[in-house]
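Here's the structure, in structure tokens; my notes come after.
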Amino acid sequence: MPPAVMPPPPSETHLVPPPWTPLLIAARLYVRYGPGVRLKRLMMREWLDVGLRQNPRPQMVVRTRYGTRIRVSTTEDLIMRSLYTSGSWEPCVSAFIAARLKPGDGFLDVGANLGHYSLLASRLVGPAGVVVAIEPAPAIHDELLANLALNQCGNVRPVRVAVTAEPGEITLFVPHSGNLGATTMLKPDRHEAEMVVPGLPLADAVSTAELERARIIKIDVEGAEGTVLGSLARMLGHLRPDCEIVVEVSPERLAASGGSVNSHLAPFLDHGLRPYRLVNSYMPEDYPVMLRRPAAPARIRGPITEQTDLVLSPVDADTLG
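The numbering of the sequence shown is this note's numbering, which starts it at 1499 and goes up by one.
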């Protein structure tokens, strides 16, 4: 997920955002379906993204590039706005997951948010597959449930808990309403809302059978990745041989919780998994480039010093094809 930062003011763009007009609708259609990249990048950076943020569209249902349908409650929210303009979220991550999952596979979505990845996985693994979507924040979980119903996902089990070290309750913080995906267990300097939610260790949130079927485990939990990785490390013996783990890690957040990237990844590397870097950007102008040619995950052979989207894979190669 993107850092919990406020969106830039209009003064940081070269063009003044217009009020909502049919022209803005046409711009969105061009960005979504038109040819080329350069003009799309310009329109996204200077006009469309800030226009949709400041003049939000009313609630609607959009179809993603993978054929799933997602309810967009407001284009003020970063994830919903990206789905509306581009039909995707985190294009390189989405492309990797789409290329990996096959009918009958399992998928664990820890930090499911609106359900983009759970919906994608549900479609790919089919009726014989299984998806577990874990999302603790009540309002976001309601959006997840609405999207699962919209797509008639009978193979997805939603779970409304936070993954914690011990059973109990934990407080979540919402830094700002324009990025619900930044909801975190780490208390920020400023936040707009907070809530108390139930927490369970990963071993209690998913069954052994669900874990053993997982082809991919996706973890995006805004500062709690150390807790989730620590819980998962104790269950590595249950993973299938080709299981891959997609996880966002932040050295800064791990340090704030008393850990480090090296200490949390060590059990997985000792288990025979190798780290690969997934290209990711939350700048709207980068989406046309990533969608046109998603970059393959590249092997990491040095230290991880910044927030990084990782694939932990048993494959030993320079890139994951």
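Note that the Cβ used here is the ideal one computed from N, Cα and C, for glycine as well.
Computed from a prediction, not measured in an experiment: that's the story for all the values here.
Going by DSSP, name the residue or residues bridged to residue i.
i	result
Thr-1669	Val-1694
Arg-1655	Val-1630
Thr-1817	Ala-1796
Gly-1604	Val-1628, Ala-1712
Does DSSP put residue i in a helix, a strand or coil?
i	result
Thr-1725	helix
Glu-1750	helix
Leu-1550	helix
Asp-1784	helix
Val-1529	helix
Pro-1795	coil
Tyr-1564	coil
Leu-1612	coil
Val-1503	Note that Val-1503 scores a pLDDT of 44, beneath 50, so its modelled location is shaky and nothing firm can be said.
Met-1558	strand
Glu-1720	coil
Arg-1790	helix
Ser-1811	strand
Leu-1599	coil
Thr-1573	coil
Arg-1732	coil
Ala-1635	coil
May I have the straight-line CA-CA distance separating residue i from residue j, to the nearest angstrom?
i	j	result
Pro-1656	Ile-1632	6 Å
Val-1809	Val-1591	9 Å
Tyr-1785	Arg-1543	10 Å
Arg-1658	Ala-1796	33 Å
Glu-1510	Ala-1794	Bear in mind that the predicted position of Glu-1510 carries a pLDDT of just 47, short of 50, making it too unreliable to give a figure here.
Leu-1612	Gly-1728	25 Å
Leu-1818	Val-1745	15 Å
Thr-1706	Asn-1760	27 Å
Ala-1610	Leu-1752	20 Å
Leu-1550	Glu-1750	31 Å
Ala-1596	Val-1630	16 Å
Thr-1662	Phe-1605	20 Å
Val-1608	Thr-1566	19 Å
Met-1541	Glu-1783	8 Å
Val-1747	Thr-1725	12 Å
Pro-1625	Asn-1653	6 Å
For residue i, which option in the options has the closest C-alpha, if you only look at C-alpha atoms?
i	options	result
Gly-1820	Val-1719, Ala-1597, Gly-1613	Because the chain is modelled from 1499 through 1819, residue 1820 falls outside the range shown and cannot be assessed.
Gly-1602	Ala-1712, Pro-1739, Met-1788	Ala-1712
Tyr-1774	Thr-1806, Val-1623, Pro-1739	Thr-1806
Ser-1668	Val-1694, Val-1661, Gly-1652	The question names Ser, but residue 1668 is Ile in the sequence shown. Nearest C-alpha to Ile-1668: Val-1694.
Leu-1546	Met-1558, Pro-1533, Ile-1523, Ser-1811	Ile-1523
Arg-1649	Val-1672, Leu-1622, Ile-1568	Residue 1649 is actually Asn in this sequence, not Arg. Of Val-1672, Leu-1622, Ile-1568, the residue nearest in Cα terms is Ile-1568.
Ile-1577	Glu-1641, Leu-1521, Arg-1621, Tyr-1531	Glu-1641
Ala-1644	Asp-1768, Ser-1616, Thr-1573	Ser-1616
Asp-1740	Leu-1789, Leu-1599, Pro-1533, Ala-1660	Leu-1599
Gly-1532	Val-1570, Gly-1585, Arg-1579, Ile-1715	Gly-1585
Leu-1776	Gly-1756, Ala-1754, Pro-1765, Glu-1742	Glu-1742
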